[in-house]
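Residue numbers (my numbering), protein chains in the order written: chain A, 6 to 312; chain B, 4 to 300.
From the three backbone atoms N, C-alpha and C, an ideal C-beta is built for every residue, glycine too.
Report on one structure; see the data block that follows.
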Amino acid sequence: MTAVLDTPVVARPGGGRKRGRTRDRGLIVFALPSVIWYVIFTIGPLVAMFVVAFMDWAGLAAPASFNGGENLDRLFGDERILTALKNTAVHMVVSLPIIMVGAFMLGYFLNLKLPGHRILRVIMFVPALISLSAMGMLFVAVLGPTGLVNSALDEVGLGEHATAWLADPAWAMPSLILVTIWSGLGFTGILFAARLSAIDNEIYAAAELDGANHWQKMWRVAYPIARDYFGVLTMLQYLWTLFGSAGMILLLTRGGPGESTSTLSWLVYRFGFRSPDVGYSQTIGLVLFVLGIVGLVIIRRVFRARY
Amino acid sequence: MDNRAPRPAVPAPRGRRRKGPNRFTPGLLGSYALVLVYALTLVLPLYWLFISAFKSQLDAVDAPFAPTFSSGFDNLTRVWDLLNLGDAMVNSLYITAASLVVTLVIAIPAAYALARSQGRIATLFERIYAMGFLIPGFAALVPTLLLAIQLGMFHTREFMILYLPASAQPLAVILLTQFMRTVPQELEESATIDGAGRFRVLRSIYLPLTMPGIATISILNFISFWNDYLYTLVIVGPNAKVRTLQVALPTLQGNQGITDYALVCAGTLISVLPVFLVYAVLNRRMENALVQGALKG
Chain A
6 MTAVLDTPVV ARPGGGRKRG RTRDRGLIVF ALPSVIWYVI FTIGPLVAMF
56 VVAFMDWAGL AAPASFNGGE NLDRLFGDER ILTALKNTAV HMVVSLPIIM
106 VGAFMLGYFL NLKLPGHRIL RVIMFVPALI SLSAMGMLFV AVLGPTGLVN
156 SALDEVGLGE HATAWLADPA WAMPSLILVT IWSGLGFTGI LFAARLSAID
206 NEIYAAAELD GANHWQKMWR VAYPIARDYF GVLTMLQYLW TLFGSAGMIL
256 LLTRGGPGES TSTLSWLVYR FGFRSPDVGY SQTIGLVLFV LGIVGLVIIR
306 RVFRARY
Chain B
4 MDNRAPRPAV PAPRGRRRKG PNRFTPGLLG SYALVLVYAL TLVLPLYWLF
54 ISAFKSQLDA VDAPFAPTFS SGFDNLTRVW DLLNLGDAMV NSLYITAASL
104 VVTLVIAIPA AYALARSQGR IATLFERIYA MGFLIPGFAA LVPTLLLAIQ
154 LGMFHTREFM ILYLPASAQP LAVILLTQFM RTVPQELEES ATIDGAGRFR
204 VLRSIYLPLT MPGIATISIL NFISFWNDYL YTLVIVGPNA KVRTLQVALP
254 TLQGNQGITD YALVCAGTLI SVLPVFLVYA VLNRRMENAL VQGALKG
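Given below as structure tokens:
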């Protein structure tokens, strides 16, 4: 979607345009392999999701049959869905504002080009380079019973506070949220830095003449200018958090302990593969999809440019 | 980022002086401290990961921050054999390289076509790609698996080589199209007059002139293909013969959890090394690629 918003209107070389169009009619054939490939392997499965969502399908090897809206009915009476909805909301409401506001401030900070900003940039890049499974294993080790956090607590004499962070019902969700923030903050900050570097210094200078400090320059000058971009990155982060949590949960907690880290995205995976109920899994996927669209529309409205 | 051309209108010394009064306010120092704390949370686990990979299981717990190097390369060779990482590395390379080739082979002509035609079909195609940004990959995981089964390609690496390029098309085509639009059409016209066909024009004019764009999408897709976890896990599966590095690594965890973090660290280190090596060589390029990719995606 951002591509649509951002695609610059590139002036096509003027003169040959009309001639070019008639002559280039056959050219579109060049795009066919890519489009067909893309439709078969990406759009196709997505459409299939809407069909499977209305099926009774126990496992991938089991026979499937349509059961109308039965899966949808089941949704409303299902405790697990309610818990997952709550967990998803907590995960989102805590991590999204922290990541977005923090990253924006980080981006502004990096652009001040204070001593050390180059090395900081390199460090902030790290989460963008590590794979999900490496990140998962890293945190399994960092947060494990004898992992980095507990060893560190021991070192400073706070050993009695050590716990198996991912297996502790009180700490599993906060751990997941921290990992989400850890992995999202730095790279989003770099993206903001790239956007904010396009703001002319003269504008800041004018604000300084009026006595603005950094806080005011950040939120009264830079933010209004980058507002639509803020919205775009918020949408992306929203989608990643909403849909993407399953992978990290699979590696870290598998929804547990109990149901304490079971998000909607995790349920899609769980009913898809761990305790197969494929039709139901896709019904939840449908809910996720609707939540995704609704969220995008809301975020878009909130951050619509107002100038 | 930093390599932009300096703005001649604002002489540097003046700019610095103007920043002067604001430079070290308490608020700024506080922010600096916070940024350093965050940076530390990024660096410390990586440092710990690195040193733990080379020490004994006992040391990893007792002296978490000391680089004791007490077991040398033991952990690395042990995890290499245990998880059969040699095969995993080959499988990862095979899937990544082949997917990258397919991605480029279908995306380059498509971008050329979209950059040079303005018909309704071209607009429609661009819309279809734009939809791709709305669809988070994970959404269609189960149906994609069903497709793999339908095609008789369940548990094969080759299905990933079909799927990954498809998932990469929107970003690759849209980014490349923008690069291709900057190629002056006059060049193409004069080549056509000299008798060059379309493939010739694409190969001799567009390819060399859009190399930076091709490099960008290659880097982006190298990272995302190499790092792919969920799809590869579900479609290729954990069979040691075909699984990739990313799928092999978490099998260390087993069912009752793990206690040998030194081994986990060694495995994780091996899996992140290739991307970090490429980053060490291409860092500026890679940063720009990731920023551009995110801007469009």
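Residue 61 of chain A - containing beta strand (DSSP E), residue span: For the purposes of this step, residue 61 of chain A is taken as the residue at position 56 of the first sequence. Unbroken beta strand (DSSP E) run through residue 61 of chain A: 60-62.
Considering only the alpha carbon of each residue, which of B/268, B/214, B/164, B/58 lies closest to residue 74 of chain B? Along the second sequence, read from residue 1 onward, the residue named residue 74 of chain B stands at position 71. Of B/268, B/214, B/164, B/58, the residue nearest in Cα terms is B/58.
Pair within 8 Å by beta-carbon distance, residue 163 of chain B and residue 238 of chain B: Numbered from its first residue, the second sequence carries residue 163 of chain B at position 160. Numbered from its first residue, the second sequence carries residue 238 of chain B at position 235. Yes, they are a contact pair.
Quick check: the segment 205-213 of chain B against the segment 182-197 of chain B, are there 3 or more CB pairs under 8 Å? yes
Is residue 48 of chain B closer than 8 Å to residue 160 of chain A when the C-beta atoms are compared? Locating residue 160 of chain A in the first sequence gives position 155, where the first residue counts as 1. Locating residue 48 of chain B in the second sequence gives position 45, where the first residue counts as 1. Cβ distance not < 8 Å, so residue 160 of chain A and residue 48 of chain B don't count as in contact.
Nearest candidate by alpha-carbon position, reference residue 161 of chain B, set B/128, B/129, B/214, B/234: Residue mapping note: residue 161 of chain B aligns to position 158 of the second sequence, counting from 1. Of the candidates B/128, B/129, B/214, B/234, the one whose C-alpha sits nearest the C-alpha of residue 161 of chain B is B/234.
Taking 8 Å as the threshold (C-beta atoms), are residue 89 of chain A and residue 272 of chain A in contact? Position 267 of the first sequence, counting from 1, holds the residue named residue 272 of chain A. Position 84 of the first sequence, counting from 1, holds the residue named residue 89 of chain A. Closer than 8 Å, so yes.
With 16 other CB atoms within 10 Å as the buried threshold, where does residue 165 of chain B fall? Within the second sequence, residue 165 of chain B is the residue found at index 162, counting from 1. With 16 or more other Cβ atoms within 10 Å, it is buried.
Based on DSSP bridge pairs, tell me the residues matched to residue 69 of chain A. On the first sequence, position 64 is the one that residue 69 of chain A refers to. DSSP output for residue 69 of chain A lists A/62 as bridge partner(s).
Measuring alpha carbon to alpha carbon, tell me which residue in B/89, B/143, B/113 is nearest residue 202 of chain B. Locating residue 202 of chain B in the second sequence gives position 199, where the first residue counts as 1. For residue 202 of chain B, the nearest C-alpha among the options comes from B/113.
Near residue 81 of chain B, which residues of its chain fall below 8 Å by C-beta distance, leaving aside the five closest residues on each side in sequence? Here residue 81 of chain B refers to the residue found at position 78 when the second sequence is read from its first residue. Contacts found: 266, 269.
Would you kindly report the start and end of the unbroken alpha helix (DSSP H) that includes residue 243 of chain A? To locate residue 243 of chain A, count along the first sequence from 1; it is residue 238. 228-257 is the span of the alpha helix (DSSP H), which, as asked, contains residue 243 of chain A.
Rounded straight-line distance, which links the Cα of residue 223 of chain B to that of residue 289 of chain B: Counted from its first residue, the second sequence places residue 289 of chain B at position 286. Counted from its first residue, the second sequence places residue 223 of chain B at position 220. So the two alpha carbons sit approximately 8 Å from each other.
Count Cβ pairs between the segment 283-299 of chain A and the segment 47-67 of chain A that sit closer than 8 Å; are there 3 or more? yes
Kindly indicate which residue of B/85, B/220, B/148 has the alpha-carbon position closest to the one of residue 301 of chain B. Absent from the model: residue 301 of chain B. The displayed extent of chain B is 4 to 300, so no value can be given.
Quick one: does residue 219 of chain A have its CB under 8 Å from some CB of chain B? Mapped onto the first sequence, residue 219 of chain A falls at position 214. Cβ-Cβ to chain B under 8 Å: yes for residue 219 of chain A.
So what does DSSP say about residue 119 of chain A, is it helix, strand or coil? Your numbering for residue 119 of chain A matches position 114 in the first sequence. Of the three classes helix, strand and coil, the one that applies to residue 119 of chain A here is coil, per DSSP.
Can you tell me where the alpha helix (DSSP H) holding residue 216 of chain A begins and where it ends? Within the first sequence, the letter at position 211 stands for residue 216 of chain A. First-last for residue 216 of chain A: undefined, no H or E at that position.
Is there a Cβ of chain B sitting closer than 8 Å to that of residue 162 of chain A, yes or no? For the purposes of this step, residue 162 of chain A is taken as the residue at position 157 of the first sequence. Residue 162 of chain A does not count as touching chain B.
Using a Cβ-Cβ cutoff of less than 8 Å, which residues in the same chain neighbour residue 132 of chain B once the five nearest sequence positions on both sides are dropped? Taking the second sequence and counting its residues from 1, one reaches residue 132 of chain B at position 129. Same-chain partners within the cutoff: 172, 173, 176, 177.
Could you say which of A/305, A/293, A/258 lies nearest to residue 94 of chain A if we only look at CA atoms? Reading the first sequence from its first residue, position 89 is the one you call residue 94 of chain A. Ranking A/305, A/293, A/258 by Cα distance to residue 94 of chain A puts A/293 first.
So which residues on chain A does residue 135 of chain B lean against when the C-beta distance must stay under 9 Å? Reading the second sequence from its first residue, position 132 is the one you call residue 135 of chain B. The answer, in chain order, is 8, 43, 47, 48.
Min CB distance residue 51 of chain B to chain A below 8 Å: For the purposes of this step, residue 51 of chain B is identified with residue 48 of the second sequence, where counting begins at 1. Yes - at least one Cβ of chain A is within 8 Å of the one on residue 51 of chain B.
Are the C-beta atoms of residue 176 of chain A and some chain B residue less than 8 Å apart? Numbered from its first residue, the first sequence carries residue 176 of chain A at position 171. Chain B, which has no Cβ nearer than 8 Å to the Cβ of residue 176 of chain A, makes this no.
When the Cα of residue 167 of chain B is compared with those of B/37, B/141, B/78, which residue comes out closest? Along the second sequence, read from residue 1 onward, the residue named residue 167 of chain B stands at position 164. Measuring from the Cα of residue 167 of chain B, the nearest candidate turns out to be B/141.
Any beta carbon of chain B sitting closer than 8 Å to that of residue 187 of chain A? For the purposes of this step, residue 187 of chain A is taken as the residue at position 182 of the first sequence. Yes - at least one Cβ of chain B is within 8 Å of the one on residue 187 of chain A.
Beta-carbon neighbours of residue 230 of chain B, restricted to chain A and to distances below 9 Å: Working through the second sequence from its first residue, we reach residue 230 of chain B at position 227. The answer, in chain order, is 134, 135, 136, 137, 138, 139.
What first and last residue would you give for the alpha helix (DSSP H) that runs through residue 283 of chain A? On the first sequence, residue 283 of chain A is found 278 positions in, with the first residue counted as 1. Taken as a continuous stretch (DSSP letters only), the alpha helix (DSSP H) holding residue 283 of chain A covers 283-307.
Proximity of residue 100 of chain A and residue 258 of chain A at Cβ, strictly below 8 Å: What you label residue 100 of chain A is simply residue 95 of the first sequence in a count that begins at 1. What you label residue 258 of chain A is simply residue 253 of the first sequence in a count that begins at 1. Cβ atoms of residue 100 of chain A and residue 258 of chain A: not closer than 8 Å.
I want to verify the contact list: residues of chain A whose CB lies under 7 Å from the CB of residue 32 of chain B, in sequence order. Locating residue 32 of chain B in the second sequence gives position 29, counting from the first residue. Going along chain A, no residue has its Cβ under 7 Å from residue 32 of chain B, so there is no contact; the nearest lies around 10 Å.
Where the alpha helix (DSSP H) containing residue 173 of chain A begins and where it ends: Sequence index remark: in the first sequence, residue 173 of chain A carries index 168 (1-based). Neither: residue 173 of chain A is in no alpha helix (DSSP H) and is coded neither H nor E.
If you draw a straight line from the C-alpha of residue 157 of chain A to the C-alpha of residue 170 of chain A, how long is it? One-based indexing of the first sequence puts residue 157 of chain A at position 152. One-based indexing of the first sequence puts residue 170 of chain A at position 165. Answer to the nearest angstrom: the Cα atoms are 14 Å apart.
Mapping DSSP to helix, strand and coil, what is residue 287 of chain B? Residue numbering aside, residue 287 of chain B sits at position 284 when the second sequence is read from its first letter. Residue state, collapsed to three classes: helix.
If the cut-off is 7 Å on Cβ atoms, which residues from the segment 109-127 of chain B count as contacting chain A, listed in chain order? 109, 110, 112, 113, 115, 116, 117, 119, 120, 121, 122, 124, 125
Work out the CA separation of residue 109 of chain A and residue 294 of chain B for me, nearest whole Å. As a working mapping, residue 294 of chain B is identified with position 291 in the second sequence. As a working mapping, residue 109 of chain A is identified with position 104 in the first sequence. Computed Cα separation, rounded: 15 Å.
Could you give the first and the last residue of the continuous alpha helix (DSSP H) run that contains residue 196 of chain B? As a position in the second sequence, residue 196 of chain B is number 193, starting the count at 1. That run of the alpha helix (DSSP H) goes 188-196.
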